[in-house]
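**Q** Read top to bottom, the protein sequences are chains P and C.
Okay, so the first sequence: first residue is 1 according to UniProt numbering, each after it adds one.
Okay, so the second sequence: first residue is 1 according to UniProt numbering, each after it adds one.
Glycine included, every Cβ here is placed at the ideal spot set by N, Cα and C.
From a predicted model like this one, the values you see are computed outputs, not experimental measurements.
One structure coming up, written as structure tokens, with questions to follow.
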Amino acid sequence: MTCLPAQTEKKLGLVIDLDTCVGCQACVTACKEWNTGGHMAPLTDIDPYGGNADGVWFNRVHAYEHTTERGGRTVNFPRSCLHCETPACVTVCPTGASYKRASDGIVLVDEDKCIGCKLCSWACPYGARELDTDVGVMKKCTLCVDRIYNDNLAEEDRVPACVAACPTSARHFGDLGDPASAVSQLVTARGGVDLMPELGYKPTNKYLPPRAHTERAAKVDAPALEPIRAEGGFLGWIDRMLSN
Amino acid sequence: MHPAFSVVFFTTATGAGYGLLALLGVLGGLGFVQPEIWFGLVGMALALGLIGAGLLSSTGHLGRPERAWRAFSQWSSSWLSREGVASVATFIPAGLFGIGWVLLGGSGGWVAVAGLLAAAGAVATVCTTGMIYASLKPIAQWHSRYTLPAYLIFAAMTGSVLFNVLLQVFGIGSKGVLIVALLLTLLGWGWKLATWRYNDRLEITTTANTATGLAGGTVRSIEWPHTEENYLLKEMGFRIARKHSAKLRRIAQVLAFALPAALLMIAFALPWPFAAAASVLAALLQFAGMLVERWLFFAEAKHTVTLYYGR
Chain P
1 MTCLPAQTEK KLGLVIDLDT CVGCQACVTA CKEWNTGGHM APLTDIDPYG
51 GNADGVWFNR VHAYEHTTER GGRTVNFPRS CLHCETPACV TVCPTGASYK
101 RASDGIVLVD EDKCIGCKLC SWACPYGARE LDTDVGVMKK CTLCVDRIYN
151 DNLAEEDRVP ACVAACPTSA RHFGDLGDPA SAVSQLVTAR GGVDLMPELG
201 YKPTNKYLPP RAHTERAAKV DAPALEPIRA EGGFLGWIDR MLSN
Chain C
1 MHPAFSVVFF TTATGAGYGL LALLGVLGGL GFVQPEIWFG LVGMALALGL
51 IGAGLLSSTG HLGRPERAWR AFSQWSSSWL SREGVASVAT FIPAGLFGIG
101 WVLLGGSGGW VAVAGLLAAA GAVATVCTTG MIYASLKPIA QWHSRYTLPA
151 YLIFAAMTGS VLFNVLLQVF GIGSKGVLIV ALLLTLLGWG WKLATWRYND
201 RLEITTTANT ATGLAGGTVR SIEWPHTEEN YLLKEMGFRI ARKHSAKLRR
251 IAQVLAFALP AALLMIAFAL PWPFAAAASV LAALLQFAGM LVERWLFFAE
301 AKHTVTLYYG R
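Right, dumping it as structure tokens:
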């Protein structure tokens, strides 16, 4: 049913650190690689080698220039499903294909029930859902539900593919419903925020804002290079030739 | 938002069809319009034909139309599912009313009950259509108090203009119906102008700052995650140039409101068959104008996901 569970036992989700994300796209490709063979497979590509490459991706990394009175900086910004507490994408679904799991709060699509009406993608303010035009159904991030409970994987690998791939540890996975969990404490310590909180979707995933500009930065105003003393021999000849 | 023609046609056609069905159900069922076989057949065929064509067109929008029957299951949470249930449920009293009023030539009694239920179903279905759009928070132009009344007003407007066509063509034109159709057309015009005025002054609180969680200052998109347009941009990132928007607004107003209002006034003054011709022309122009209006309803709506792309 597309009615939401009153509450979920866990609130599994991601914490994304905008301070350390370097925009390398490793999480993007790891996500595509795992999920094109996973629960929502395939992540169809249309015209992948042509001039109009298009396709389904669950995770996209944007880059922004954030300018304040303290100066500007580049912020790499991974965007994927936030597994909201009150996801309108689920309640608008007319077929029951979209659902939020009562056990862990993961929002999923049952591809066999989806009619591809696109309404869930209209209802999601974050652009988390993408229609697979080849199969005719909606697809979205599964929080790697087929990894995190997978007994065939070593325990340390039972995290979403994007988290496992991140080389700078900018992505963290855990239970955000448990205030004692590592991710919850990280959110508290770093002042993690919700995206578009004014819309009231109560996203589970949190974003850690870039750390404040520091006043203790290294001095970079080193003295200018001095003119080189004229040398003899071969190097002197090169110096004279280049000076002409 | 991308204006898919299947959805533009669907909402316009079913709006007119349900408006006409509601008027036939109430006025026919209660005996204000006497049952007459050809009048009834043409009227019900026009109403149910518009509704049926619209509903069929809407399935053209689906990725997997063969599974459309599943959309009747989630009426407890989904306005789209409610629309499906209401639209199909309305066919039952509408069919009974058609049999009683058109074929058996009766009014009052059970025919009146069926007619009133069909009218109630028509109003309910139009409400569910309006609520599909009005309930979408990421689209500020739709998530407003103007959306639901607009769907109801436009259904009543196009339905009454069609009802007037029926009466005029069969030579039983009514000055009262003409006046109602004219007043509803003017009301529709006013409502559309008020909606545009509201949308043009809309101060949307969701910005690139709240979308990215980066507080203060400005947030400028410097690189997309992909080089070509993806599903999100094709579906939700549709843009229309301001100059075209202004021109299309004028076209919509002329076709949907101004010319039909003028033609209805002409029909008021002229005798049959000129009044009938003016009425038919008014309905045709208004339908074309409403298609433009509905196209703009989509094209001018801005989804919050566009903020991530700096649009």
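1. At a CB-CB cut-off below 7 Å, which residues of chain C make contact with P:Phe77?
2. What residue range is occupied by the uninterrupted alpha helix (DSSP H) comprising C:Glu83?
3. Can you say whether C:His244 is buried or exposed, counting buried as having 16 or more other CB atoms within 10 angstroms of its CB?
4. Our contact map puts C:Trp191 next to C:Arg249 with C-beta atoms below 8 Å; I'd like the distance itself, whole angstroms only.
5. Quick check: the segment 31-50 of chain P against the segment 93-100 of chain P, are at least 3 beta-carbon pairs closer than 8 Å?
6. Could you tell me which uninterrupted beta strand (DSSP E) segments, each at least 3 residues in length, are contained entirely in the segment 96-165 of chain P, listed from first to last along the chain?
7. Quick one: grab the DSSP three-state call for C:Ile240.
8. Could you check which residue in C:His61, C:Leu103, C:Ala267 and C:Ala118 has the C-alpha nearest to that of C:Ser87?
9. In three-state terms, what does DSSP make of P:Val193?
10. Going along the chain, which residues of its own chain have a beta-carbon closer than 6 Å to the beta-carbon of P:Asp45, five neighbours each way excluded?
11. Determine which residues of the segment 127-155 of chain C have a Cβ less than 8 Å from any Cβ of chain P, and write them out in chain order.
12. Can you check whether the C-beta of P:Thr74 is within less than 9 Å of a C-beta belonging to chain C?
13. Ordered along the chain, which non-local residues of its own chain (more than five positions away) have a Cβ less than 6 Å from that of C:Leu80?
14. With contact counted as at least three CB pairs below 8 Å, one residue from each stretch, are the segment 158-173 of chain P and the segment 162-178 of chain C in contact?
15. Helix, strand or coil for C:Glu229, going by three-state DSSP, please let me know.
16. Along the chain, where does the beta strand (DSSP E) containing P:Pro78 start, and where does it finish?
17. Candidates P:Ser243, P:Lys206, P:Thr67 and P:Leu225: which alpha carbon is nearest P:Asp17's?
18. For C:Leu48, which residues from the same chain have a beta carbon less than 8 Å from its beta carbon, with the 5 sequence-adjacent residues on both sides left out?
19. If we cut at 9 Å on Cβ distances, does C:Leu56 have a partner in chain P?
20. Express the C-alpha separation of C:Phe163 and C:Tyr231 in angstroms, rounding to a whole number.
21. Jot down the residue ranges of each uninterrupted alpha helix (DSSP H) in the segment 109-191 of chain C, minimum 4 residues, whole runs only, in chain order.
22. Straight-line CA distance for P:Asp194 to P:Leu14?
23. Have a look at C:Arg82, C:Leu233, C:Trp142 and C:Ser107 and flag the residue whose alpha-carbon is nearest the alpha-carbon of C:Ala122.
24. What is the DSSP secondary structure of P:Tyr207, reduced to helix, strand or coil?
25. Evaluate the contact criterion for the segment 100-116 of chain C versus the segment 28-42 of chain C: three or more CB pairs, one atom per stretch, below 8 Å.
26. Straight-line CA distance for C:Trp185 to P:His83?
27. For the pair the segment 286-295 of chain C and the segment 255-269 of chain C, tell me if three or more CB-CB distances fall below 8 Å.
28. Out of C:Val169, C:Gln74, C:Gly54 and C:Thr129, state which residue places its alpha-carbon closest to the alpha-carbon of C:Ala278.
29. Could you name each continuous alpha helix (DSSP H) segment of 4 residues or more that falls completely within the segment 4-41 of chain C, going from the start of the chain to the end?
30. How about P:Ser103 and P:Thr8: are their beta carbons less than 9 Å apart?
31. Could you tell me the distance, in whole angstroms, from the CA atom of P:Tyr149 to the CA atom of P:Asp112?
32. In whole angstroms, what is the alpha-carbon distance linking C:Cys127 and C:Phe154?
**A** Working from what's here:
1. Thr212
2. Trp79 to Phe97
3. exposed
4. About 14 Å; that fails the 8 Å criterion.
5. no
6. Segments of the beta strand (DSSP E) lying fully in the segment 96-165 of chain P: 98-100, 107-109, 130-132 and 137-139.
7. Residue state, collapsed to three classes: coil.
8. C:Ala118
9. strand
10. Gly55
11. Ile132, Ser135, Leu136, Lys137, Pro138 and Ile139
12. yes
13. Ile132
14. With the cut-off at 8 Å, the segment 158-173 of chain P and the segment 162-178 of chain C do not touch.
15. If DSSP states are grouped into helix, strand and coil, C:Glu229 belongs with coil.
16. Gly71 to Arg79
17. P:Lys206
18. Gly17, Leu21, Phe91, Ala94 and Gly98
19. no
20. 41 Å
21. 109-134 and 147-169
22. 12 Å
23. C:Arg82
24. Looking at P:Tyr207 - three-state DSSP - the assignment turns out to be strand.
25. Flag = yes, the segment 100-116 of chain C and the segment 28-42 of chain C touch.
26. Reading off the sequence, residue 185 of chain C comes out as Thr, not Trp. Distance between the alpha carbons of C:Thr185 and P:His83: 45 Å.
27. yes
28. Minimum Cα distance to C:Ala278 is reached at C:Val169.
29. 5-23
30. yes
31. 22 Å
32. 12 Å
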